[in-house]
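Just below is one structure, and these are the notes that go with it.
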Amino acid sequence: KAGVTQTPRYLIKTRGQQVTLSCSPISGHRSVSWYQQTPGQGLQFLFEYFSETQRNKGNFPGRFSGRQFSNSRSEMNVSTLELGDSALYLCASSLSGGGYSYEQYFGPGTRLTVT
Amino acid sequence: DAKTTQPPSMDCAEGRAANLPCNHSTISGNEYVYWYRQIHSQGPQYIIHGLKNNETNEMASLIITEDRKSSTLILPHATLRDTAVYYCIVRVSYNTDKLIFGTGTRLQVFP
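Protein sequence lines, in the order shown, are assigned to chains A and B.
First residue of the first sequence? That's 18 in our numbering, and the numbers climb one at a time after it.
First residue of the second sequence? That's 195 in our numbering, and the numbers climb one at a time after it.
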């Protein structure tokens with residue numbers, strides 16, 4: 018079974034631009050979560066989606082947004098990029114549904130560099 | 195904030211058992227202990243989880259103390275490929291997948 022895939026793997030953007038990152042979960046997984054990893058702050062939770070609904074959100078500004086499609090694929094968007102948004106963005110999927118939460122499986126991440 | 199405390203780094207000789215401790219003294223009755231690891235620049239990898247009983251799978255064993263305030267992840271025969279940052283996380287088992295990562299333990303396996 019294929020793992021979580023993320024595209025693109027690497028991205029370079031300029032301050033003020035916006036960016037969209039994509040995540041395809043493991044087949045059959047309906048829950049998708051996003052994390053940001055930086056050397057200074059470590060791994061931080063951004064948001065999670067289940068059945069196209071945002072179920073939980075981390076402490077990030079409104080410039081960070083996401084959505085989930087009916088096929089469980091997810092995208093996250095960052096608008097008005099800042100230098101501090103340079104990070105590894107990780108997506109994870111799980112079998113979690115409306116009740117019990119299962120372990121998550123992470124993708125390889127998208128490395129975003131803002132110049 | 196993370197609800198766990200781990201040593202920042204540990205060393206282990208290849209072929210020996212690696213025992214990684216974790217303190218979670220404020221764990222609630224409905225929270226599980228999860229372990230993930232992250233090999234440099236890759237996404238975190240799920241290892242094992244448990245509630246109160248000891249657990250074992252093909253990767254590792256998890257020993258949770260009777261009072262559930264601490265646990266130990268055991269890699270029975272460490273290899274160089276086990277060099278990674280290991281994260282111990284406590285989380286509820288329902289309605290959310292949110293993981294709160296601490297700083298983890300950097301395990302260095304040496305030849």
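Beta carbons: idealized from backbone N, C-alpha and C, even for Gly.
None of these values were measured; they are calculated from a predicted model.
Rounded to whole angstroms, the Cβ separation of Thr97(A) and Ile29(A) is 16 Å, and the two are not in contact under 8 Å. Around the C-beta of Ser87(A), fewer than 16 other C-beta atoms lie within 10 Å, and the residue is accordingly described as exposed. Taking Ser48(A) as reference, the option from Thr37(A), Val21(A), Gln35(A), Arg26(A) with the minimal CA-CA separation is Val21(A). By the Cβ criterion, the segment 196-205 of chain B is not in contact with the segment 235-246 of chain B, since fewer than three pairs of Cβ atoms, one from each stretch, lie closer than 8 Å.
Ranked by Cα distance from Leu105(A), the options Ser41(A), Gly79(A), Phe62(A), Asn76(A) are led by Phe62(A).
Listed along chain B, the residues sitting closer than 9 Å to Asn73(A) by beta-carbon distance are Asn289, Thr290, Asp291, Lys292.
In the pairwise beta carbon analysis, the segment 209-223 of chain B is classified as touching the segment 261-273 of chain B: at least three pairs are separated by under 8 Å. By the Cβ-count criterion, Gly126(A) is buried, with 16 or more other Cβ atoms from all chains shown falling within 10 Å of its own Cβ.
Chain B has a Cβ within less than 9 Å of the Cβ of Pro125(A). Under a criterion of Cβ atoms nearer than 8 Å, the residues of chain B adjacent to Ser48(A) are, in order, Asp291. Counted as a single uninterrupted DSSP element, the beta strand (DSSP E) harbouring Thr37(A) occupies residues 36-41. The three-state secondary structure of Asp102(A), taken from DSSP, is helix. Apart from sequence neighbours up to five positions away, the residues of its chain that approach Ser41(A) with a beta-carbon distance below 6 Å are Thr22, Arg90, ordered along the chain.
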